[in-house]
Amino acid sequence: MFPEHGRLQFIYADLGDAKAVNKIFSENAFDAVMHFAAVAYVGESTLEPLRYYHNITSNTLVILEAMAAHGVKTLIYSSTCATYGEPEKMPITEDTPQLPINPYGKAKKMSEDIIRDFSKNSDMAVMILRYFNVIGSDPAGKLGEAPRPELREHGRISGACFDAARGIISGLKVKGTDYKTADGTCVRDYIDVTDLVDAHVKALEKAQPKKVGIYNVGTGKGRSVKEFVDACQKATGVKIKVEYLDRRPGDYAEVYSDPTKIKLELNWTAKYTNLEESLRMAWRWQKAHRNGYGHVLATS
């Protein structure tokens, strides 16, 4: 089942189906696993917690069991800054206590704990990357974010901004203006997806047997929701109507990373740190893919 040289192979399967997952492992020769697959919406996780524990934590168990059964020794795991919850001190280092406050963060932390426990009795090479808030798109314009329509209500701020700019929704809903931040809105560390890809490549290159590397992947700079909306309006050239609402359950006031460890150990530094430019690249993809991956429009 090897793909043609230079091409990727896509296999549609449910990671909760251990039989199907083991079949995939038995029919292929994998050197490593990069485990990205998961539901990933904080708001949705508060409404459907059991789904998140099944999809994130239980499915990770299936992956680990398949790796053990088929001798795959390297794992790069996609985790999140949501595992930290709402720390008392900023910036967040890898040693900051993990006290998640929503089911998404809790499920990811459980997965991290399981991975670390499992690796203690094996010679696995493990890298755990804790993402901060991912934005942007492929600079070449081929790949971008296209969440299912029913997830728009729970979606990320960039998607909501673009939906408002395209007229799909009437305006942007900012949930929470009374946080203890400079302008009252949440502060987040926005990391461009291109930088995130680079972090995974470097993590794979540096993974070592019998070791677990844990790294924050962020810029080290926090930007408020109001700052984000201003940047989005400049990137799209559209004046977006903003409605201010009460806080969203499970959110936290301020989160930004200390990227010192990943810089020193993996030689990784975020390069795409201009918020407006990252949003401009993502907006270009959105305009060319108004129906997600189902329909591509010509762009000048």
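Residue numbers (full-length UniProt numbering): 1 to 300.
Beta carbons are placed, not taken as given, at the ideal position from N, Cα and C, and that holds for glycine.
Let me confirm a value: L15 is counted as buried when at least 16 other C-beta atoms fall within 10 Å, else exposed. Which label applies?
Numbered from its first residue, the sequence shown carries residue 15 at position 15. Buried, because 16 or more other Cβ atoms sit within 10 Å of the Cβ of L15.
Assuming E27 is part of the beta strand (DSSP E), what are its boundary residues?
Your numbering for residue 27 matches position 27 in the sequence shown. Where E27 is concerned, there is no enclosing beta strand (DSSP E), given that its DSSP letter is neither H nor E.
Below 8 Å on the Cβ atoms is my contact criterion, and I expect L8 with I76 to pass it. Report the Cβ-Cβ distance as a whole number of Å.
Residue 8 sits at position 8 when you count from the first residue of the sequence shown. Residue 76 sits at position 76 when you count from the first residue of the sequence shown. Actually they are not in contact, since the Cβ atoms of L8 and I76 sit about 16 Å apart, beyond 8 Å.
Can you tell me whether A125 is buried or exposed? The criterion is at least 16 other CB atoms within 10 Å of its CB, across all chains shown.
Numbered from its first residue, the sequence shown carries residue 125 at position 125. With 16 or more Cβ atoms within 10 Å of its Cβ, A125 is classed as buried.
Select from V72, E86, A199, S137 the residue whose C-alpha is nearest the C-alpha of L279.
Residue 279 sits at position 279 when you count from the first residue of the sequence shown. Checked all of V72, E86, A199, S137; the closest Cα to L279 is S137.
Between F132 and the ligand FAD, is the CB less than 6 Å from at least one heavy atom?
In terms of ligand content, the structure shown is empty, and the ligand FAD therefore cannot be addressed.
Under 7 Å between C-beta atoms of D258 and P91:
Position 258 of the sequence shown holds residue 258. Position 91 of the sequence shown holds residue 91. Against a cut-off of 7 Å, the Cβ pair of P91 and D258 comes out as a contact.
In chain order, which alpha helix (DSSP H) runs of at least 4 residues are fully inside the segment 71 to 102?
none
Considering only residues of the same chain and omitting the five flanking positions on each side of V193, which have a CB-CB separation below 6 Å?
For this step, residue 193 is matched to residue 193 along the sequence shown. Around V193: V134, G136.
Answer with buried or exposed for N274, where buried requires no fewer than 16 other C-beta atoms within 10 angstroms of its C-beta.
Within the sequence shown, the letter at position 274 stands for residue 274. By the 10 Å Cβ count, N274 comes out exposed.
Could you say if the segment 260 to 277 and the segment 208 to 221 meet the contact criterion of at least three C-beta pairs nearer than 8 Å?
yes
Can you check whether the CB of K271 is closer than 7 Å to the CB of D189?
Within the sequence shown, the letter at position 189 stands for residue 189. Within the sequence shown, the letter at position 271 stands for residue 271. The answer is no: Cβ separation not under 7 Å.
Using DSSP with H/G/I as helix, E/B as strand and the rest coil, what is I262?
One-based indexing of the sequence shown puts residue 262 at position 262. Of the three classes helix, strand and coil, the one that applies to I262 here is helix, per DSSP.
Burial state of N260, where buried means 16 or more other Cβ atoms lie within 10 Å:
Within the sequence shown, numbered from 1, the residue matching residue 260 stands at position 260. At residue 260 the sequence reads Thr, which differs from the Asn that was named. Exposed is the call here.
Span of the beta strand (DSSP E) holding G43?
The residue given as residue 43 occupies position 43 in the sequence shown. Looking at the DSSP string, G43 is not in any beta strand (DSSP E); the run it does join, the alpha helix (DSSP H), is 42 to 47.
Within 10 angstroms of its Cβ, does K106 collect 16 or more other Cβ (buried), or is it exposed?
On the sequence shown, residue 106 is found 106 positions in, with the first residue counted as 1. By the 10 Å Cβ count, K106 comes out buried.
Helix, strand or coil at M124 according to DSSP, with G and I counted as helix
By 1-based counting over the sequence shown, the position of residue 124 is 124. M124 falls in the coil class under three-state DSSP.
Who pairs with G171 in a beta bridge, going by DSSP?
The residue given as residue 171 occupies position 171 in the sequence shown. Partner(s): none; G171 has no beta bridge.
Beta-carbon proximity list for Y179, same chain, < 7 Å, skipping 5 on both sides
For this step, residue 179 is matched to residue 179 along the sequence shown. Cβ neighbours of Y179 beyond the five flanking positions: T185, C186, A253.
Bounding residues of the beta strand (DSSP E) (the contiguous stretch that carries V134)
The residue given as residue 134 occupies position 134 in the sequence shown. From DSSP, the beta strand (DSSP E) with V134 extends over 133 to 135.
The alpha helix (DSSP H) that contains I157, what's its start and end?
The residue you call residue 157 lines up with position 157 of the sequence shown. Segment 157 to 166, the alpha helix (DSSP H) holding I157.
Cutting at 7 Å between CB atoms, please list the residues of its own chain near C161, excluding the five before and the five after it.
Within the sequence shown, the letter at position 161 stands for residue 161. Excluding sequence neighbours, C161 sits near L172, V229, C232, I240.
Compute the Euclidean distance between the alpha carbons of Y53 and R116, then round it to the nearest angstrom.
Residue mapping note: residue 53 aligns to position 53 of the sequence shown, counting from 1. Residue mapping note: residue 116 aligns to position 116 of the sequence shown, counting from 1. Their Cα atoms are separated by approximately 18 Å.
What first and last residue would you give for the beta strand (DSSP E) that runs through L143?
Here residue 143 refers to the residue found at position 143 of the sequence shown. Careful: L143 lies outside any beta strand (DSSP E) and carries neither H nor E.
Using a beta-carbon distance below 7 Å, is Y252 in contact with chain C?
Among the chains in the structure shown there is no chain C, since it carries only a single protein chain.
Using a Cβ-Cβ cutoff of less than 6 Å, which residues in the same chain neighbour V225 once the five nearest sequence positions on both sides are dropped?
The count along the sequence shown starts at 1 and reaches residue 225 at position 225. Counting only Cβ-Cβ distances below 6 Å, and skipping sequence neighbours, we find V174, T185, C186.
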